[in-house]
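Chains A and B, in that order, give the protein sequences.
For the first sequence, our numbering begins at 338 and goes up steadily by one.
For the second sequence, our numbering begins at 410 and goes up steadily by one.
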Amino acid sequence: MSDPTLLVLSSLADGDKHGYAMMDDIQRFAGIRLGPGTLYGAITRLEERGWIRPVPSEDRRQPYSITAAGKQHLEAQLATLDQIVKTATRRLRPA
Amino acid sequence: MTKLVRWAGRLYPSAWRRRYGAEFDALLEEAAPGSGDLWDVLRGAFVMRIVRLSFPTVIAACMVLGALIAGAGLLVMPISYQSTAMVRAELAKPTTRVEMMIALQRAQQVALSRTSLAQIIMREDLYPKERATMPLNDVINTMKIRDIRIRVLEGDDRSTKITVQFLYPEAARAQRTVQELVAALQRPMSAEGKLEVLDAASLPQAPIAPAYRTFIGGGAAIGMLFGLLGSAIFALVRRRKEWSLKRVGAFALAGMIAGLAVAMLIPNEYVSSAVIRSTDVQGAPRWDKVLTDELFAGIIQREGLYQRERAQSSMTDVVSRMKNKFVRVQKVEMAGAGWLGPGTVEVISFRGGDRMQAQRVTRSLVTAWIQSNVDSATKVEVLDPPSDPTRPFSPNRPQIAWLGMMGGLLLGFALVRFRGRVSVA
């Protein structure tokens with residue numbers, strides 16, 4: 338659940354963001370503060386895999402957007418997580 | 410703290426800095442990093458450096474690492490002193506070169522027999538550490554194979570020069586042991602001639618230098634091999650983006666553990682062998698006349714071999730299995746074996762689950778061969794008595810573990826890829 342690449346993709350699903358905006362967004366929706374090293378490790382991996390791409394910008398702060406392949410990967414990951422959540426919830430519910 | 414974290418950011422590889430440096434610095438300015446972020450950036454820089462190492466760098470680093478490990482190994486290697494003596498063996502009667510060599514062989518067998526070497530070890534108090542942890546038989550074998558060198562140099566039909574060398578961590582003991590070995594060679598030779606000392610056992614002044622180049626070169630070569638293999642696997646995993654290095658590595662580790670577990674379940678097998686030379690005026694020696702079913706049945710009963718098989722099948726079947734599967738007689742075709750004279754050189758060996766038992770069975774077979782030829786025209790000579798197999802012949806555990814790891818790697822690749830395809834579908 339705390340996979341940095343999944344958190345970054347989830348953040349970008351809402352719209353283009355630069356590094357600090359992603360950090361802030363992730364802290365708000367997941368309660369996890371990604372360190373600069375971890376965040377940029379995830380950004381590097383995601384860009385190499387073609388799941389995010391840099392958006393042209395004049396600012397030093399580089400915004401990124403999620404690609405179609407990135408969305409597909411995020412959906413697959415969320416489906417798995419959803420399955421886990423549903424199963425665990427059902428099992429925890431008193432008979 | 411921001412300055413310190415920015416400095417840590419400089420530790421990222423230069424190619425990465427060219428692409429992400431400006432935006433990373435902008436993030437650090439905006440995020441006001443704390444002490445936890447310093448560690449996070451340092452870790453990120455280290456990981457990025459490892460992941461982005463170029464192929465030649467990985468190979469060079471692995472080679473240097475291998476050479477360094479080999480160098481460290483050299484530092485802890487025990488030093489050895491080598492004492493050498495030169496002697497001349499002379500036979501009383503004029504004879505042939507072959508007879509001379511056979512006389513020397515006999516003298517060597519006596520001098521290097523277990524009894525003779527055990528006495529030398531005790532008198533000179535050699536190998537105290539080894540004797541505290543290993544059976545004396547193993548210590549004798551190590552001494553014979555690793556530390557004693559007896560070389561036959563030039564000579565003619567009547568006399569020949571021989572060097573006797575001994576390697577030991579103490580110079581004085583090395584010298585005294587060579588003196589003892591020369592004396593042990595002199596005793597059997599006195600019956601047929603004499604063994605004259607030309608150069609007495611030397612007192613080595615400096616330890617012999619280990620083969621630095623070979624050792625360090627070997628370390629670098631092994632390092633290169635690991636680098637090549639590691640880089641190839643890593644490159645393969647990176648290219649297939651859906652593959653996970655951790656998963657594939659876990660499969661490889663599981664394969665290695667499974668291989669080791671299987672190897673541990675396979676019982677040890679020891680091979681004891683003896684070398685025999687037979688001269689038969691009427692033709693080749695006939696082992697089939699000697700290795701009879703009765704002989705094998707006697708050995709099986711005496712040694713209590715194959716008890717489970719004997720309970721399930723007849724003695725004839727057990728004997729047949731032992732004969733065909735565990736006993737081998739092989740003719741040796743040796744280049745340059747002409748000095749041994751006319752005749753056939755053969756290796757007889759037995760493979761069994763117990764080390765000492767394997768030696769005893771081979772000895773029984775050799776004895777049977779000698780006894781069957783006592784009254785015949787065949788002259789039999791034991792060139793090498795039944796060996797004491799200190800290490801098991803099988804299973805080769807490192808090889809099985811290695812194969813298990815490779816199998817695990819392949820399975821890991823296959824399963825991870827299969828899962829990837831299924832999830833995409």
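Glycine is no exception: its CB is placed at the ideal position from the N, C-alpha and C atoms.
If you reduce the DSSP assignment to three classes, tell me which class residue 422 of chain A lands in. helix
For residue 838 of chain B versus residue 357 of chain A, is the C-beta distance shorter than 8 Å? Residue 838 of chain B lies beyond the stretch modelled for chain B, which goes from 410 to 834, so this question has no answer here.
Please confirm if residue 407 of chain A has its CB atom under 8 Å from at least one CB of chain B. no
With DSSP as the reference, identify every bridge partner of residue 608 of chain B, one or two as the case may be. B:495
Just checking my contact of residue 813 of chain B with residue 667 of chain B at CB under 8 Å: how many whole Å lie between their CB atoms? 5 Å
Using a C-beta cutoff of 8 Å, does residue 365 of chain A count as contacting chain B? no
How far does the alpha helix (DSSP H) with residue 556 of chain B in it extend, from its first residue to its last? Taken as a continuous stretch (DSSP letters only), residue 556 of chain B belongs to no alpha helix (DSSP H), as it is neither H nor E.
With a threshold of 6 Å on Cβ separation, who are the neighbours of residue 672 of chain B within its own chain once the five nearest residues in sequence on each side are excluded? 804, 806 and 809
Taking a Cβ distance cut-off of 7 Å, strictly less, list which residues of the region 382-416 of chain A are near chain B, in chain order. 386, 397, 398, 399 and 413
DSSP three-state assignment for residue 748 of chain B, whether helix, strand or coil: With a pLDDT of 43 at residue 748 of chain B, under the threshold of 50, the modelled position of that residue is not reliable, and the figure given next carries that caveat. Note: residue 748 of chain B maps to helix in three-state DSSP.
If the criterion is Cβ atoms closer than 8 Å, does the pair residue 457 of chain B and residue 422 of chain B meet it? yes
Mind checking who residue 603 of chain B pairs with in its DSSP beta bridge? B:499
Is residue 353 of chain A helix, strand or coil when you go by DSSP? coil
Residue 721 of chain B to residue 712 of chain B span [Cα, whole Å]: 18 Å
Express the C-alpha separation of residue 542 of chain B and residue 343 of chain A in angstroms, rounding to a whole number. 57 Å
Listing by chain order, which chain B residues have their CB less than 7 Å from the CB of residue 375 of chain A? 449 and 453
Just mark residue 562 of chain B as buried or exposed, buried being the case when its beta carbon has 16 or more other beta carbons within 10 Å. exposed
For residue 554 of chain B, does the count of other Cβ atoms within 10 angstroms reach 16, so buried, or fall short, so exposed? exposed
Starting from the N-terminal side, write out each stretch of the beta strand (DSSP E) that is 3 residues or longer and does not extend beyond the region 462-547 of chain B. 490-500
Anything in chain B within Cβ reach of residue 378 of chain A, meaning under 8 Å, just list it in chain order. 453, 456 and 457
In chain order, which beta strand (DSSP E) runs of at least 3 residues are fully inside the region 662-697 of chain B? 679-688
Taking the alpha-carbon of residue 551 of chain B as reference, which of B:817, B:819 and B:796 has the nearest alpha-carbon? B:796
How should residue 422 of chain A be labelled, buried or exposed, when 16 other C-beta atoms within 10 angstroms of its C-beta is the threshold for buried? exposed
Can you list the residues of chain A that residue 446 of chain B reaches, using a CB-CB cut of under 8 Å? 372, 373 and 374
What is the rounded straight-line gap between the Cα of residue 425 of chain B and the Cα of residue 679 of chain B? 57 Å
Contact set for residue 699 of chain B: own chain, Cβ-Cβ below 7 Å, skip 5 residues either direction: 777, 778 and 781
If we cut at 8 Å on Cβ distances, does residue 440 of chain B have a partner in chain A? yes
Taking the alpha-carbon of residue 644 of chain B as reference, which of B:463, B:433 and B:738 has the nearest alpha-carbon? B:463
Would you give the residue range spanned by the beta strand (DSSP E) that residue 739 of chain B belongs to? 736-740
Validate contact between the region 597-606 of chain B and the region 505-523 of chain B using beta carbons, cut 8 Å, 3 pairs: yes
Looking at the strands, I want to know which residues DSSP matches up with residue 768 of chain B. Its beta-bridge partners do not exist; DSSP assigns none.
Give me the Cα-Cα distance between residue 359 of chain A and residue 433 of chain B, rounded to the nearest whole angstrom. 13 Å
Tell me the DSSP secondary structure of residue 412 of chain B in three-state form. helix
Name the chain A residues that come within less than 9 Å of residue 435 of chain B, Cβ to Cβ? 355, 356, 357, 396, 397, 398 and 399
Is there a Cβ from chain A that is less than 8 Å from the Cβ of residue 579 of chain B? no
Whole-angstrom Cβ separation of residue 494 of chain B and residue 610 of chain B, contact assumed at under 8 Å? 4 Å
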